[in-house]
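Report on one structure; see the data block that follows.
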Amino acid sequence: MKDILVLGIESSCDETSVAVVKNGREVLSNIIDTQIKIHEKFGGVVPEIASRNHIEAISRVTQLALEKANIELKDIDVIAPTYGPGLVGALLVGVSYGRGLAYALNKPLVGVNHLEGHISANYITHKDLEPPFLCMLTSGGNTQIVHVKDYCQMEVIGKTRDDAIGEAFDKVARVIGLSYPGGPKIDKLAQQGEATIIFPKTHFENLDFSFSGIKTAVINLVHKNPDINKADLCMSFEKAVTEVLIENITKAIEQTQIKKVVLAGGVSANTHIREEFKKLEKQLDLKVYEPDLKLCTDNAAMIGSAGYYRYINGNISENTLNAVPNLKIGE
Ligand code: KG4
Numbered sequence: 032m033k034d035i036l037v038l039g040i041e042s043s044c045d046e047t048s049v050a051v052v053k054n055g056r057e058v059l060s061n062i063i064d065t066q067i068k069i070h071e072k073f074g075g076v077v078p079e080i081a082s083r084n085h086i087e088a089i090s091r092v093t094q095l096a097l098e099k100a101n102i103e104l105k106d107i108d109v110i111a112p113t114y115g116p117g118l119v120g121a122l123l124v125g126v127s128y129g130r131g132l133a134y135a136l137n138k139p140l141v142g143v144n145h146l147e148g149h150i151s152a153n154y155i156t157h158k159d160l161e162p163p164f165l166c167m168l169t170s171g172g173n174t175q176i177v178h179v180k181d182y183c184q185m186e187v188i189g190k191t192r193d194d195a196i197g198e199a200f201d202k203v204a205r206v207i208g209l210s211y212p213g214g215p216k217i218d219k220l221a222q223q224g225e226a227t228i229i230f231p232k233t234h235f236e237n238l239d240f241s242f243s244g245i246k247t248a249v250i251n252l253v254h255k256n257p258d259i260n261k262a263d264l265c266m267s268f269e270k271a272v273t274e275v276l277i278e279n280i281t282k283a284i285e286q287t288q289i290k291k292v293v294l295a296g297g298v299s300a301n302t303h304i305r306e307e308f309k310k311l312e313k314q315l316d317l318k319v320y321e322p323d324l325k326l327c328t329d330n331a332a333m334i335g336s337a338g339y340y341r342y343i344n345g346n347i348s349e350n351t352l353n354a355v356p357n358l359k360i361g362e
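Mapping of the sequence shown onto my numbering: residues 32 to 362, in sequence order.
This is the structure in structure tokens:
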């Protein structure tokens with residue numbers, strides 16, 4: 032069968048990224064132009080500034096991705112931009128650019144769901160991984176358990192009722208004076224601390240999550256005790272949120288009898304979470320897959336992989352494709 036080269040385009044938040052991916056699994060290039068430094072001083076992503084920076088970066092990043100892959104635009108078979116979920120103005124940059132390329136080159140356009148992209152990062156890291164499996168998707172905007180039945184067939188079986196876990200990491204970081212994005216900084220600090228504090232956790236009958244109670248308890252504690260040991264606080268916070276993830280994935284495994292578990296999303300880079308899932312792998316005799324650290328946060332290689340599977344399943348988009356800021360998995 033002829034190789035299929037997908038041009039993945041990612042601009043849903045504060046990373047402008049373009050990648051060339053061969054047959055869904057092999058990354059020929061993955062250029063990521065991050066705006067973190069620009070948004071850091073505002074303590075979070077400013078949507079309008081993100082959009083403007085995507086516009087300035089996208090042609091240059093595409094050119095670099097093609098050069099690194101040692102190919103020309105005419106060699107690309109499929110154009111695959113992220114069309115949601117994310118910031119509408121930011122998404123529109125990648126979608127419009129992708130539409131323009133597809134039209135000019137007369138190539139198929141395949142809109143990709145950013146969350147499916149995070150899951151697909153694992154297909155690049157683990158060449159043997161195939162559905163069905165359960166995915167613990169933990170990112171800045173989402174926390175979900177996804178039953179991945181097939182490459183393009185998935186169902187959300189549990190989700191957060193309030194904050195996403197990454198949002199909780201970033202807010203806790205902010206209250207103790209760590210800059211945006213706070214997750215990696217909490218991760219580092221926690222490694223020097225002990226879990227000395229127990230935070231209250233909310234439990235639900237079903238597979239839903241809540242992180243706002245833990246987050247508020249941390250913030251109140253810091254306000255009452257400004258001199259608190261921050262490393263211990265970070266470790267205690269990480270322990271509490273990880274216990275919530277472990278409790279729910281254990282229930283999901285019991286309910287579905289699926290013993291293959293895949294981590295995905297920015298927060299799946301977290302050291303403590305990875306360690307605890309590896310312990311669970313042994314305890315419950317599971318197979319746990321973790322994405323390469325470089326592919327946990329936003330990047331276009333994962334979008335190129337998801338785009339490939341959408342394409343071979345016949346999911347071609349119209350050239351009127353629009354950004355869908357609140358796109359759900361399975362849509
Ligand atoms: O997946 P992602 O890049 O963006 C979304 O699609 O939402 O995730 C970004 C989130 C941020 O909240 C960031 O603080 C968090 O991932 N994050 C981490 C770590 N690395 C990134 N959280 C905890 N530990 C980490 N090592």
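Backbone N, C-alpha and C define an ideal beta-carbon position, used for all residues, glycine too.
In the structure shown, the three-state DSSP call for A221 is helix. Counting the other Cβ atoms within 10 Å of the Cβ of I62 gives 16 or more, which makes it buried. Counting C-beta atoms within 10 angstroms of its own C-beta, Q314 has fewer than 16 neighbours from the protein chains shown and is therefore classed as exposed.
If you check the CB distance, I150 and V298 do not come in under 8 angstroms. Listed in chain order, the non-local C-beta contacts of V249 below 6 angstroms within the same chain comprise V203, F268, local neighbours out to five positions each way being set aside. Residue range 78-100 is occupied by the alpha helix (DSSP H) that includes E87. Its chain contains L36 as the residues whose beta carbon lies nearer than 8 angstroms to that of D106, once the 5 sequence neighbours on both sides are disregarded; these appear in chain order.
For T328, the CB falls within less than 7 angstroms of some heavy atom of the ligand KG4. Taking 8 angstroms as the cut-off, the beta carbon of I188 is found no closer than this to the beta carbon of I280. Contact between the stretch 148-168 and the stretch 280-297 is established, with three or more Cβ pairs separated by less than 8 angstroms. Taking 7 angstroms as the cut-off, the C-beta of G297 counts as close to a heavy atom of the ligand KG4.
Annotation for K219: no residue places its beta carbon closer than 6 angstroms to its own, counting only its chain and skipping 5 residues before and after.
For I176, the shortest separation between its Cβ and any heavy atom of the ligand KG4 does not lie below 7 angstroms. By the CB criterion at 8 angstroms, N144 and Y320 fall outside the cutoff. With respect to D194, S243 sits close: the two C-beta atoms are nearer than 8 angstroms. The shortest CA-to-CA distance from G39 to any of F73, D45, V141, V76 is the one to V141. For N251, there is no enclosing beta strand (DSSP E); the residue is found in the alpha helix (DSSP H) stretching over 243-255. In the DSSP assignment, T65 forms a beta bridge with E46.
With 16 or more neighbouring CB atoms inside 10 Å of its own CB, H303 falls in the buried class.
Counting along the chain, T273 sits inside no beta strand (DSSP E); it lies in the alpha helix (DSSP H) bounded by residues 261-287. The three-state reading of DSSP puts D239 in coil, since its state is none of H, G, I, E or B. Here E225 is not near M185, since their CB atoms are 8 angstroms or more apart.
Runs of the alpha helix (DSSP H) spanning 4 or more residues and lying entirely within the stretch 92-166 occur at 119-136, 145-156, in chain order. Two segments are said to touch when three or more pairs of C-beta atoms, one from each, lie closer than 8 angstroms; by this definition the stretch 98-105 does not touch the stretch 76-84.
Secondary structure at G197: helix, using DSSP grouped into helix, strand and coil.
Measuring C-alpha to C-alpha distances from V51 to each of L276, A111, T233 identifies A111 as the nearest.
For I217, the Cβ falls inside the 7 angstroms cut-off from some heavy atom of the ligand KG4. In terms of Cβ geometry, L276 and T113 do not form a close pair [threshold 8 angstroms].
Among the bridge pairs identified by DSSP, S60 is matched with V51. For N301, the Cβ falls inside the 7 angstroms cut-off from some heavy atom of the ligand KG4. The residue from S348, S336, Y342 with its alpha-carbon nearest to that of L146 is S336. Rounded to whole angstroms, the Cβ separation of R130 and N350 is 6 angstroms, and the two are in contact under 8 angstroms. Non-local C-beta neighbours of G120 in its own chain, meaning closer than 6 angstroms and more than five positions away in sequence, comprise P78, S82, ordered along the chain. Under the three-state reduction of DSSP output, A295 falls in the strand class. Look at E321 here: in three-state DSSP terms it is coil, with no helix or strand label.
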